[in-house]
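Each remark here refers to the structure printed beneath this line.
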Amino acid sequence: MRTVRVHCRMEIAPTSAGDEHWLSEQFKADVERELSGLSGREKIEVVLRLSSSSQPADTRRRLETKRLERILCLIYVEIERHKALLDQLLIDAEVLIDGFSQRDRADSAFFSPSSSTLETENGLFNTLALGGTFDHLHSGHKILLTMAAWLTTHRLIVGITDDELLKNKKHASQLEPIEVRQEAVRGFVERVGPSDLRTETPRLQDVYGPTATDPTIDGLLVSQETLPGAKAIDAIRSQNGLKSLRTYVIDLISNQLTLVPLDQQNLKISSTQIRAWLDSH
Numbered sequence: 007m008r009t010v011r012v013h014c015r016m017e018i019a020p021t022s023a024g025d026e027h028w029l030s031e032q033f034k035a036d037v038e039r040e041l042s043g044l045s046g047r048e049k050i051e052v053v054l055r056l057s058s059s060s061q062p063a064d065t066r067r068r069l070e071t072k073r074l075e076r077i078l079c080l081i082y083v084e085i086e087r088h089k090a091l092l093d094q095l096l097i098d099a100e101v102l103i104d105g106f107s108q109r110d111r112a113d114s115a116f117f118s119p120s121s122s123t124l125e126t127e128n129g130l131f132n133t134l135a136l137g138g139t140f141d142h143l144h145s146g147h148k149i150l151l152t153m154a155a156w157l158t159t160h161r162l163i164v165g166i167t168d169d170e171l172l173k174n175k176k177h178a179s180q181l182e183p184i185e186v187r188q189e190a191v192r193g194f195v196e197r198v199g200p201s202d203l204r205t206e207t208p209r210l211q212d213v214y215g216p217t218a219t220d221p222t223i224d225g226l227l228v229s230q231e232t233l234p235g236a237k238a239i240d241a242i243r244s245q246n247g248l249k250s251l252r253t254y255v256i257d258l259i260s261n262q263l264t265l266v267p268l269d270q271q272n273l274k275i276s277s278t279q280i281r282a283w284l285d286s287h
């Protein structure tokens, strides 16, 4: 299967020009050129090179996290825009972060040696949990998982909804089996996350999964659309005598594309859309 690679350099901290980050015209042209030669399940990799400021480490890290979220969203949406124009929704896309992906966290320039023992102060999590169907792993999932890997110092728990709970989904005949979805999540995190991150993909047979009973989980990553579920999880943890979880809310590709330019907010990126596309081709 063919893979092409393009490079992108971005400033991750605020600049004198302000808070906005926009992709360069050269990068957009590179993406358009490389995608035009792909089809099926061929792949485009973006190597993201981040430059940072000389601000204090704790302040910089808080700023970097939200800006990384925005940068990832801009890159993935740009790729999805061209995939839609080409009518090639199955082309695979991944953003690898230079100096972070496939490196031990301790060796990464983005994290100080103390970050593994000061998770709360640094906005990081020792053990972070999130959940979803992760069917036909798409750009929204990939932003979510990349940010989860960025925020987690030791153990990442990605709950995957069991097949039985999905049988009434639209275009259910195109649903991937849970084993395929689990492997896709593990493989993606291994490629884009740090090499020393432990990743687990338990089956979810209810909305809580291990978050209801695992005392070592200290954080929950949710999207704007799944934020109400965090309150339900805290409620059942309280009933079980466990502490509530810190939450990180990510504004990823969803029905509210607040992180991308207005002219690209009509993109629809979802597992349902991909299954519908498969049914129609």
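For what it's worth, this note's numbering labels the leading residue of the sequence shown as 7, then goes sequentially.
Even for Gly, the Cβ is constructed at its ideal location relative to N, Cα and C.
Distance between alanine 35 and phenylalanine 106 (C-alpha atoms, nearest Å): The straight-line gap separating the alpha-carbon atoms of phenylalanine 106 and alanine 35 is approximately 26 Å.
Methionine 16 versus asparagine 246 - alpha carbon distance: Cα-Cα distance, rounded: 45 Å.
Reference isoleucine 184, options Arg8, Arg55 and Asp168, closest by Cα: Minimum Cα distance to isoleucine 184 is reached at Asp168.
Three-state class that DSSP yields for aspartate 168 in the structure shown: Looking at aspartate 168 - three-state DSSP - the assignment turns out to be coil, as it is neither helix nor strand.
Rounded separation between leucine 151 and serine 244 - CA only: Cα to Cα, the separation comes out at about 27 Å.
Three-state secondary structure (DSSP) of alanine 135: Of the three classes helix, strand and coil, the one that applies to alanine 135 here is strand, per DSSP.
Among Leu172, Ser229, Thr71 and Asp220, nearest to threonine 133 - alpha-carbon criterion: Minimum Cα distance to threonine 133 is reached at Asp220.
Length of the line joining the Cα atoms of lysine 249 and valine 228: CA-to-CA, the gap between lysine 249 and valine 228 works out to about 18 Å.
CA-to-CA distance, valine 37 to threonine 71, given in whole angstroms: Roughly 24 Å separates the two Cα atoms.
For methionine 153, the three-state DSSP class (helix, strand or coil): DSSP places methionine 153 within a helical segment (H, G or I) once states are collapsed to three.
Endpoints, the alpha helix (DSSP H) within which valine 195 is located: Per DSSP, the continuous alpha helix (DSSP H) segment holding valine 195 begins and ends at 184–198.
Cut-off 7 Å between Cβ atoms - residues of its own chain near aspartate 202, not counting five sequence neighbours on either side: Asp110 and Arg111.
Environment of tryptophan 28 [buried if 16+ CB atoms lie within 10 Å]: Flag for tryptophan 28 reads exposed.
Residues near leucine 268 by beta carbon distance below 7 Å, same chain, minus five either side: With a pLDDT of 42 at leucine 268, under the threshold of 50, the modelled position of that residue is not reliable, and the figure given next carries that caveat. Nothing meets the Cβ criterion.
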